[in-house]
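Which chain is which? The protein sequence lines are G and S, in order. Here the first sequence stands for residues 0 to 430, numbered as in numbering that gives the first Met the number 0. Here the second sequence stands for residues 0 to 250, numbered as in numbering that gives the first Met the number 0. Backbone N, C-alpha and C fix where the C-beta goes; we use that ideal spot for every residue, glycine too. Have a look at the structure below before the remarks.
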Amino acid sequence: MTNSNISQRLLVGLCLLLLASAASARVTVENYGFPIQDRYVATVVGTPEGYEAVLPKDIPFKKRWLNVFPDRKLPDLIWYGQEMIYSEALQDHPAPLIFLIAGTGAAHNGAKNFNMARAFYKAGFHVVSLSSPTYPNFVSSASSTGVVGDAQRDAADLYRVMEMIWKKLDGDIEVTSFNLTGYSLGAFNSAYVAKLDDERKSFNFRKVLLINPPVSLYNSISLLDRMTQNIPGGADNFNEFFDKLVKAFSKVYKDEDEIGGDFLYQAYKAMDLKDEELAALIGVSFRISSASLVFTSDVMTDYGYVKPKGLVLDRYADLTVYNQVVSRLGFTDYYHDFFYPFYKADNPNITRDQFIASESLTEIADYLRNSPKITVMHNQNDIILEPGEIDFFNDVFGDRATIYPYGGHCGNMNYRDNVALMVSTFTRGAN
Amino acid sequence: MKSIMPRACALLAVALLAACSSAPPKATPEPVYPEPVFSAERIVPEDSIAITTVYDPWEPMNMRIYNFNYHFDQWVFLPVVTGWQAVVPKPARTGVHNFFENFRDVRTMANSILQASPTKLMQSTGRVLVNSTIGLFGLIDVATSMGMAKPDEDFGQTLGHWGVPTGPYLVLPLLGPSNLRDGAAELPDFALQNYIQGNLLAKPVRATAFLFDSVDTRTNTSFRYYETGSAFEYQTVRWLYSTKRELDVEK
Chain G
0 MTNSNISQRL
10 LVGLCLLLLA
20 SAASARVTVE
30 NYGFPIQDRY
40 VATVVGTPEG
50 YEAVLPKDIP
60 FKKRWLNVFP
70 DRKLPDLIWY
80 GQEMIYSEAL
90 QDHPAPLIFL
100 IAGTGAAHNG
110 AKNFNMARAF
120 YKAGFHVVSL
130 SSPTYPNFVS
140 SASSTGVVGD
150 AQRDAADLYR
160 VMEMIWKKLD
170 GDIEVTSFNL
180 TGYSLGAFNS
190 AYVAKLDDER
200 KSFNFRKVLL
210 INPPVSLYNS
220 ISLLDRMTQN
230 IPGGADNFNE
240 FFDKLVKAFS
250 KVYKDEDEIG
260 GDFLYQAYKA
270 MDLKDEELAA
280 LIGVSFRISS
290 ASLVFTSDVM
300 TDYGYVKPKG
310 LVLDRYADLT
320 VYNQVVSRLG
330 FTDYYHDFFY
340 PFYKADNPNI
350 TRDQFIASES
360 LTEIADYLRN
370 SPKITVMHNQ
380 NDIILEPGEI
390 DFFNDVFGDR
400 ATIYPYGGHC
410 GNMNYRDNVA
420 LMVSTFTRGA
430 N
Chain S
0 MKSIMPRACA
10 LLAVALLAAC
20 SSAPPKATPE
30 PVYPEPVFSA
40 ERIVPEDSIA
50 ITTVYDPWEP
60 MNMRIYNFNY
70 HFDQWVFLPV
80 VTGWQAVVPK
90 PARTGVHNFF
100 ENFRDVRTMA
110 NSILQASPTK
120 LMQSTGRVLV
130 NSTIGLFGLI
140 DVATSMGMAK
150 PDEDFGQTLG
160 HWGVPTGPYL
170 VLPLLGPSNL
180 RDGAAELPDF
190 ALQNYIQGNL
200 LAKPVRATAF
210 LFDSVDTRTN
220 TSFRYYETGS
230 AFEYQTVRWL
240 YSTKRELDVE
250 K
């Protein structure tokens, strides 16, 4: 078991590499002390030791299970995905409650959500932490269709579980207000959940904070897909490239007892990777996490994307072939050949371009513009935004946007200034 | 639990038999399925090996043991862990944990000698000396507080150090991911710990030490089977474990 402990730790290390799932505002280069200016380095290594916010190590962060669709009959291969797993850290006194939504492929208890949970618990909040709808456990247990990525449907699925969780908690804890935040794709989800809540009014969110959201989903996944093309020698050279990384990694690992803490930063310094190589690493991490998602959806729906339609795989099936195929596909392949056709079946009149345009924050720009409770934190050099897309946030949110000069994609989320702003966004003006 | 043990043994036997049997395959024709949007023939170049590939000829058996471990967790291990955490206050649990970790440092000492590594031998010996004395027989981890490095060496790494290959991937009942080399190497490490504990501990403690050690280890292992929900979890864990062990040996 020490062994699985170790694998788990390595898994956590790699998850840090995985994308947690992107000016002009008042933060200038001069008064911002986050130490890493390179967009790729910041994205991969995050906040170095000594720059992180000081947060409690132990909080009562407990796993919980929710049977969202009791009548659902899962395929045998993913028999274990019936119940949705989430976490909560509750105060023993009346307090505001905050929901956290993780980024692409990330779990309720991933590093970024856990750090946010520590910050908000310390600030006196009840915390309920949810996985991204793109996390395989969410796909099998809480997605109404088994195919995620649609802004409105994902929001409705998230809203359903949030209502169910509150139903369980109501009576046990006293809540003074409801709040919502998320990072990366979770921020994108949060915007649509906020809009849905304004129609359904179950929570009447007091404040909603979007951290590094994409503007257009399609643009962001295209950018991430293109990063794998940076592998020296092309995608077919991936094995050599990866071996080189593992070897470099092991050099650093020799001098460190634990993976975590400053490990990634030390690893990065020792490896001396070029920007293109870092971009390739990010692209590959994104691909590994999307491979799980896509295959899970394929099995759930029997769509016939990489698994032949009608073929039933049991829990002990050999998956080597599917693993190989799906690791060679990009997220844009999924978008065009699975996601879009799957949704077109319900909306036969929608064109591909209309569909791509609709999966975007621009679609709800008017709502965001006129919702003073919604604020945004972003980075000028986020790698998941096309050039110019950052201006969307200044334009739509105005004063409610804080754009940091650097930090890459979510790399500065643990930096003390960022954590301070995150928390004060919700505590300011609260009773 | 009663029904799981015999079933697991039966499965194990079946899997082993299947592995060595030479019976001809059944003659029923494979049903034909429509080609998926992306098939291996179209997407995967010939002779290409995915980076996450691990030599796992016993996969069917391993997957079943993986599954068995999950059930053992659910019905035995995790309830005991929950009880342990509820009944025993945290300082006492930490003491128990440190106590067993002290024996792991002894294991590292022995393997450092076998690996001819004076640095690791000095580090681990220093830890054992400090923790066994000032640390009250290992109950308090003074060495870590003093900033002493904690190398972690076992007999599997020792074999790897001298060039013994890992052999096939192997999921051990209760213990989880391993391989033939490291799995077999658990035995001498276990024997060593047993021998030392046998000489040091009073009889009733000695008899239960193994149980407490197991509960303590599970309590400090955050891994939970099948929680990612990913259909590829078995494959991902296998790859991460194997990569990690490769790095451990080089370390």
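Please report how far the alpha carbon of residue i lies from the alpha carbon of residue j, in whole angstroms.
i: phenylalanine 37 of chain S; j: valine 324 of chain G; result: 7 Å
i: lysine 200 of chain G; j: phenylalanine 177 of chain G; result: 11 Å
i: glycine 170 of chain G; j: cysteine 409 of chain G; result: 36 Å
i: isoleucine 281 of chain G; j: isoleucine 383 of chain G; result: 11 Å
i: tyrosine 69 of chain S; j: glycine 82 of chain S; result: 18 Å
i: arginine 71 of chain G; j: threonine 144 of chain G; result: 11 Å
i: valine 311 of chain G; j: proline 30 of chain S; result: 11 Å
i: leucine 184 of chain G; j: glycine 102 of chain G; result: 5 Å
i: alanine 94 of chain G; j: phenylalanine 425 of chain G; result: 12 Å
i: glutamate 239 of chain G; j: tyrosine 85 of chain G; result: 38 Å
i: lysine 243 of chain S; j: asparagine 61 of chain S; result: 19 Å
i: asparagine 112 of chain G; j: alanine 88 of chain G; result: 12 Å
i: phenylalanine 71 of chain S; j: asparagine 178 of chain S; result: 20 Å
i: alanine 290 of chain G; j: serine 326 of chain G; result: 6 Å
i: alanine 316 of chain G; j: arginine 63 of chain S; result: 11 Å
i: lysine 343 of chain G; j: glutamate 358 of chain G; result: 14 Å
Does residue i come out as helix, strand or coil in the three-state DSSP assignment?
i: arginine 63 of chain G; result: strand
i: methionine 412 of chain G; result: coil
i: serine 370 of chain G; result: coil
i: tyrosine 339 of chain G; result: helix
i: phenylalanine 177 of chain G; result: strand
i: alanine 230 of chain S; result: coil
i: tyrosine 191 of chain G; result: helix
i: alanine 201 of chain S; result: coil
i: alanine 94 of chain G; result: strand
i: serine 131 of chain S; result: helix
i: serine 215 of chain G; result: strand
i: cysteine 19 of chain S; result: Note that cysteine 19 of chain S has pLDDT 46, beneath the 50 cutoff, so the model's placement of it is unreliable and the number below is only indicative. In this structure, cysteine 19 of chain S counts as helix in the three-state DSSP scheme.
i: serine 284 of chain G; result: helix
i: serine 116 of chain S; result: coil
Spatial neighbours of residue i within its chain, please: C-beta separation below 6 Å, excluding the five flanking residues on both sides.
i: valine 422 of chain G; result: Ala118 and Ala122
i: phenylalanine 440 of chain G; result: Not covered by the structure: residue 440 of chain G. The range shown for chain G is 0 to 430.
i: alanine 142 of chain S; result: Arg126, Val129 and Asn130
i: methionine 115 of chain G; result: Leu99
i: histidine 96 of chain S; result: Asp215
i: phenylalanine 391 of chain G; result: Val214
Kindly list the residues whose CB is nearer than 7 Å to the CB of residue i, restricted to its own chain and excluding five residues on each side of it in sequence; keep chain order.
i: glutamate 232 of chain S; result: Tyr225
i: valine 79 of chain S; result: Val214
i: tyrosine 339 of chain G; result: Arg351 and Phe354
i: aspartate 247 of chain S; result: Gln156
i: glutamine 234 of chain S; result: Thr51
i: asparagine 236 of chain G; result: Ile230
i: proline 176 of chain S; result: Val170, Val236, Arg237 and Tyr240
i: leucine 158 of chain S; result: Arg180 and Ala184
Based on the DSSP secondary-structure assignment, which residues constitute the bridge partners of residue i?
i: leucine 128 of chain G; result: Note on identity: in this sequence residue 128 of chain G is serine, with leucine being the wrong assignment. Answer is G:Ser86 and G:Leu99.
i: tyrosine 403 of chain G; result: G:Asn378
i: glycine 175 of chain S; result: S:Leu171
i: valine 79 of chain S; result: None; valine 79 of chain S has no bridge partner.
i: glutamate 51 of chain G; result: G:Tyr414
i: isoleucine 210 of chain G; result: G:Tyr182 and G:Met376
i: isoleucine 172 of chain G; result: G:Asp169
i: serine 38 of chain S; result: Serine 38 of chain S pairs with nothing; no bridge assigned.
i: serine 111 of chain S; result: Note: serine 111 of chain S sits in no beta bridge, so no partner.
i: serine 213 of chain S; result: Serine 213 of chain S is not bridged to any residue.
Looking only at its own chain, which residues have a Cβ that is under 8 Å from the Cβ of residue i, when we skip the five neighbours before and after it?
i: aspartate 153 of chain G; result: Pro132, Ser142, Val147, Asn188 and Tyr191
i: glutamate 362 of chain G; result: Ala150 and Ala356
i: proline 55 of chain G; result: Arg117, Tyr120 and Lys121
i: tyrosine 302 of chain G; result: Val146, Ser296, Lys308, Phe337 and Phe341
Within the present structure, is the beta-carbon of residue i separated from the nearest heavy atom of the ligand SAH by less than 7 Å?
i: methionine 108 of chain S; result: As presented, the structure is devoid of all ligands, the ligand SAH included, so that no description of it is given.
Are three or more beta carbon pairs between the stretch 217-230 of chain G and the stretch 322-336 of chain G nearer than 8 Å? Yes, the stretch 217-230 of chain G touches the stretch 322-336 of chain G.
Touch check for the stretch 98-114 of chain S and the stretch 126-143 of chain S: three-plus C-beta pairs under 8 Å? Proximity of the stretch 98-114 of chain S to the stretch 126-143 of chain S meets the contact definition, three or more beta-carbon pairs being nearer than 8 Å.
Counting pairs of beta carbons, one from the stretch 393-405 of chain G and one from the stretch 27-41 of chain G, are three or more of them closer than 8 Å? With the cut-off at 8 Å, the stretch 393-405 of chain G and the stretch 27-41 of chain G touch.
Okay, do the stretch 410-418 of chain G and the stretch 44-56 of chain G touch, 3+ Cβ pairs below 8 Å being the bar? Output reads yes: the stretch 44-56 of chain G touches the stretch 410-418 of chain G.
Within 8 Å, do at least three Cβ pairs link the stretch 298-312 of chain G to the stretch 73-84 of chain G? Short answer: they touch.
Touching or not, the stretch 53-63 of chain S and the stretch 164-173 of chain S, by the rule of three or more beta carbon pairs under 8 Å? When Cβ pairs closer than 8 Å are counted between the two stretches, the stretch 53-63 of chain S is seen to touch the stretch 164-173 of chain S, the count reaching three or more.
Counting beta carbon pairs with one atom in the stretch 204-217 of chain G and one in the stretch 366-382 of chain G, are three or more of them shorter than 8 Å? Judged by Cβ distances under 8 Å, the stretch 366-382 of chain G makes contact with the stretch 204-217 of chain G, as three or more pairs qualify.
Should the stretch 80-97 of chain G be regarded as contacting the stretch 192-203 of chain S, the criterion being three or more beta carbon pairs within less than 8 Å? Taking 8 Å as the limit for Cβ pairs, the verdict is that the stretch 192-203 of chain S does not touch the stretch 80-97 of chain G.
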